[in-house]
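Everything on this sheet refers to the single structure shown next.
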Amino acid sequence: MMSRASNYNIGYVSIFLCCVANAVSLVFISNLNKTHDQMLSIFMTFGYATLLFNLFNFKKIPSLYFSVAKNFKLLLKMNIVTLFNWLSSFLALSYIDPATAICVILGVVSVTIFVMSIPRRKAAENKHLAMCVFLILISMALIIKQYTSMNTLHANSNMAIVGITCCIISGVSGAFIGVSSESMGQAGFSVSQILATRFYLLVIVSGTIFFFSKSHASLVIDWKYYLLASLLIVFFPLIMYQTAIRTLGTLMVSLLEPFTPVITYFLQVLTGGYQFNLLTVILLAIASGSIIWLARAEQNVIIANYSSAKADS
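To convert, take the position in the sequence shown, counting from 1, and add 569; that gives the numbering used here.
See below:
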């Protein structure tokens, strides 16, 4: 039991670090979209990430690709949902700000995974998780309200609709990434092996689009900048995310991840993207604190049930 509780603590630390890393990465992507070709950015960022994770698994490459061949359908599914997730995330950040984007994306992820994981007839029995989802929706509404109050023009409204649509696509596909990650873990893939094999389709598609675009001939590639982008956007956040999934499970991680918009909100206040609103901050802090408390309460129930079942056996 102590070992299980210790694993949960590692999971909570991992998801907190993941939230911080995600907040930084989204602000970074938003700035990247303004200064660099979008498809080139995706190709270079995830190309670097694939190379780094394969180098990380260099000694296990033969066994890794034996597992890839053995679990090809599982890997293809992961690559497809990863493609939709990241393409739509980058596109969303071309239309709306990072705090709004991550709020909608993670909110949709949480609700989708909750619906997938908890049958309707048992939703009332999982009151802690149901309340988490309700508070997540409140957090989403608060940040979207802040965004819309700053963008009242008709043109901005159209951009917001496109951006939020992209976020919904990213969120739904992100939920399936969590489920696919668990399936790959059960098939024997380690965290780094999942990350080494899930970006192939994204790299191929973004590279193909960039190659056939008219802008590629005149561009100078900033190799060091894209390496930094890969570390900030992919390497650190996803290592933390996959570790958290292994220790806490997809549903619990998805309920804790919406703490990210709060961090992103403060980052944008500091960088001048948002005006500081004390009421919004207080309400977000209450909602986030409640989500964490409810998630811990649900985890304690799970630990208690696990211990009881173990004692009975």
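Think of the CB as a built atom: it goes at the ideal place given N, C-alpha and C, for glycine as much as any other residue.
Contact check for P667 and S599: beta-carbon distance about 5 Å, within the 8 Å limit, so the pair qualifies. A direct Cα-Cα distance of roughly 16 Å separates L624 from L807. For the pair G747 and A670, the Cα-to-Cα distance works out to about 19 Å. Between the stretch 644–660 and the stretch 757–767, the count of Cβ pairs shorter than 8 Å is three or higher; the stretches touch. A756 sits in coil when the DSSP states are folded into three classes, being neither helix nor strand. Under the three-state reduction of DSSP, S775 is assigned to helix.
Per DSSP, reduced to three states, the secondary structure at R815 is helical.
In this structure the stretch 737–747 lies against the stretch 676–683, because at least three pairs of beta carbons, one per stretch, are closer than 8 Å. Within the same chain, Cβ atoms closer than 7 Å to the Cβ of I802 are found at S594, F597, I598 and T614, the five residues on either side in sequence being excluded. Across the set A618, T812 and S583, the C-alpha of A618 shows the shortest separation from the C-alpha of L797.
A Cβ-Cβ separation of about 6 Å places I611 in contact with F659 under the 8 Å criterion. Burial of F745 is indicated by the presence of at least 16 other C-beta atoms within 10 angstroms of its C-beta. For I665, the closest of Y810, F627 and G732 by C-alpha to C-alpha distance is G732. 8 Å or more divides the Cβ of I674 from the Cβ of C587. DSSP places F768 outside both helix and strand once states are collapsed to three, so it counts as coil. Rounded to whole angstroms, the separation of the alpha carbons of A854 and M700 is 16 Å.
If you ignore the 5 residues before and after I832, its C-beta comes within less than 7 Å of the C-beta of C588, V589 and A592, all in its own chain and listed in chain order.
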